[in-house]
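**Q** Numbering (our numbering), first residue to last: 145 to 500.
A virtual CB, placed ideally from N, CA and C, is assigned to each residue, including glycine.
My structure is below; once you've seen it, I'll send some questions.
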Ligand code: MRU
């Protein structure tokens, strides 16, 4: 078995070379291409173009990216340093609107600046580096814990349906929705995983299948419109999906197509779980209606992956990258602090109170 892909880091910092190092996810599974990004425009583009993608990986990349921006700032005093830093932060923050991990990571770095204004600039730069590295290190631990809690929800041999890629490639290790599967593999367990291809960018077909096969998991690829059929066949014991932003009431935003799966799961009586770190839960918004949904270019639907454009030239295209699953369709939200159950306005608040 070729498990080479699992040995690569999706996001890393090469501080000596002042580079953000990413595995270009747009080229997978065909080519394993490593990008070394040194300027802010390239980092912005890599996030926008999904060369680095998945909420936690975006957060980690943004943290390293902002540290690199800060490292290059030549400023004589704190005020000037802060103003240039803040502009770099706002620039990176504009790369994608939906995953809260982006602003969460950038804010963590900005707080380092705010809390250390008495230090000199070279000391502050070191602290920014430490914080960015910490975001990545913490992510590995969070994903493992999510995997532990997720594993309590399934048993050896179960069929799991997943959507998009919320696996190792979207994080630093293990993933979120796929963490229980990878952790289960470490313990000699076997699952039958069904991956939605996930139109239009095919994160399920290209990425989830790739990393699961590399881990020796029995993996079946289905088109998004086949989910109902596999549930009806009785092949699915649970649906595991990731998330990009969860509101305080448990409404969960994830890759477009997730909410449809939740509706199907309810109809067929299949438990539907959202797995994600607390860094993806945005307690500042009451419900999913407040989440900004990224709209992507029409060509992703009409041209990408096809030899020739497949739709009439003048057709209107609606291409939202995410949708929101209503909390009432969600059986549980699996975090690194445990599994939140309905009513989520209470259980998520309890998790955050305990976290404090
Ligand atoms: O547009 P993408 O590929 O960044 O969307 C990714 C997802 O929707 C994932 O499910 C989510 O970010 C969780 S990744 C652990």
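How about residue 483 and residue 293: do their beta carbons lie closer than 8 Å?
**A** Their beta carbons are under 8 Å apart, which means residue 483 touches residue 293 by this criterion.
**Q** Got a sec: does ligand 1 put a non-hydrogen atom nearer than 7 Å to the Cβ of residue 261?
**A** Result no, Cβ not under 7 Å from ligand 1.
**Q** If residue 353 sits next to residue 401, beta carbons under 8 Å apart, how far is it from one beta carbon to the other, in whole angstroms?
**A** Contact flag wrong, Cβ pair sits at about 16 Å.
**Q** Can you give the Cα-Cα distance for residue 372 and residue 351, rounded to whole angstroms?
**A** If I take the Cα positions, the gap works out to 22 Å.
**Q** To the nearest angstrom, how far is it from the Cα of residue 261 to the Cα of residue 187?
**A** Each residue's Cα considered, the two are about 27 Å apart.
**Q** Got a sec: does ligand 1 put a non-hydrogen atom nearer than 7 Å to the Cβ of residue 465?
**A** Yes, the beta carbon of residue 465 sits closer than 7 Å to at least one heavy atom of ligand 1.
**Q** Per DSSP, what are the beta-bridge partners of residue 439 in this structure?
**A** Looking at the DSSP assignment, residue 439 forms a beta bridge with 464.
**Q** Would you decide whether residue 306 is buried or exposed? Buried here means 16 or more other CB atoms lie within 10 Å of its CB.
**A** With 16 or more other Cβ atoms within 10 Å, it is buried.
**Q** State the beta-bridge partners of residue 497 as determined by DSSP.
**A** For residue 497, which the question treats as bridged, DSSP gives no partner whatsoever.
**Q** Classify residue 407 as buried or exposed, calling it buried when 16 or more other Cβ atoms lie within 10 Å of its own Cβ.
**A** By the neighbour-count rule (16 or more Cβ atoms within 10 Å), residue 407 is not buried but exposed.
**Q** If you check the beta carbons only, do residue 462 and residue 477 fall under 8 Å apart?
**A** Their beta carbons are not under 8 Å apart, which means residue 462 does not touch residue 477 by this criterion.
**Q** Going by DSSP, which residues form a beta bridge with residue 336?
**A** DSSP output for residue 336 lists 303, 362 as bridge partner(s).
**Q** Can you list the residues near ligand 1, meaning Cβ strictly closer than 6 Å to any non-hydrogen atom, in the order they appear in the chain?
**A** After applying the 6 Å Cβ criterion, the set is 194, 197, 198, 199, 200, 243, 308, 310, 314, 315, 319, 320, 347, 386, 387, 388, 398, 399, 465.
**Q** Taking contact to mean 3 or more Cβ pairs, one atom from each stretch, closer than 8 Å, check whether the stretch 372 to 390 and the stretch 448 to 455 are in contact.
**A** Judged by Cβ distances under 8 Å, the stretch 372 to 390 makes no contact with the stretch 448 to 455, as fewer than three pairs qualify.
**Q** Just how far apart, CA to CA, sit residue 348 and residue 222?
**A** Taking the straight line joining both Cα atoms gives about 45 Å.
**Q** Report the CB separation of residue 327 from residue 360 in whole angstroms; it is logged as a contact under 8 Å.
**A** With 8 Å as the limit, residue 327 and residue 360 do not qualify as a contact, their Cβ atoms being about 13 Å apart.
**Q** How would you call residue 417, buried or exposed, if buried means at least 16 neighbouring beta carbons within 10 angstroms?
**A** Classification for residue 417: buried.
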